[in-house]
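If you want our numbering, it's the 1-based position in the sequence shown plus 61.
The beta carbon of each residue, even a glycine, is placed where N, CA and C say it ideally should be.
Remarks on the structure that follows.
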Amino acid sequence: MIASWRNDALATMIAPYKDAPPLSQRAPATRLLEIAESAAPGMQADFIAFPGTRFSSEHHYAVFLKGNTHLTAHLATPVLIDARTLQVTAVVE
Numbered sequence: 062m063i064a065s066w067r068n069d070a071l072a073t074m075i076a077p078y079k080d081a082p083p084l085s086q087r088a089p090a091t092r093l094l095e096i097a098e099s100a101a102p103g104m105q106a107d108f109i110a111f112p113g114t115r116f117s118s119e120h121h122y123a124v125f126l127k128g129n130t131h132l133t134a135h136l137a138t139p140v141l142i143d144a145r146t147l148q149v150t151a152v153v154e
């Protein structure tokens, strides 16, 4: 399931970074929750994936959010945040 997500949804979201040079430094993770929750109002963070892990890319933090309804509480909404600039680059709804 993870491999399918990485090869489909994640690959599309990180396509603009395909030829980007390797990340030499990343911004501190202290504001990730605030940034992600403002990108998807009404949702709360479930977990954070750091750059280079199987739930993210080499250039992104991925914050996975869940909603507060019966349906959205069971669906993960990823917010990709550029690990260098802390700008939101993708929100999957």
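Between the beta-carbon of E119 and that of L84 there is about 6 Å, and that keeps the pair under the 8 Å contact cut. Under DSSP, H121 forms a beta bridge with D143. With fewer than 16 neighbouring CB atoms inside 10 Å of its own CB, S99 falls in the exposed class.
In the structure shown, the three-state DSSP call for L126 is strand.
Excluding the 5 residues flanking it on each side, L147 has same chain C-beta neighbours closer than 7 Å at A88, R92 and I96, in chain order. Only residues of its own chain outside the window of five on either side were considered, and among them L94, A97, E98, V124 and L126 have a CB closer than 7 Å to the CB of A106, listed in chain order.
A72 sits in a helix when the DSSP states are folded into three classes. Cβ-Cβ distances below 6 Å link S117 to A110 and A123 in the same chain, with the five nearest sequence neighbours on each side left out; the list follows chain order. Distance from the CA of N129 to the CA of V149, rounded to the nearest whole angstrom, comes to 22 Å.
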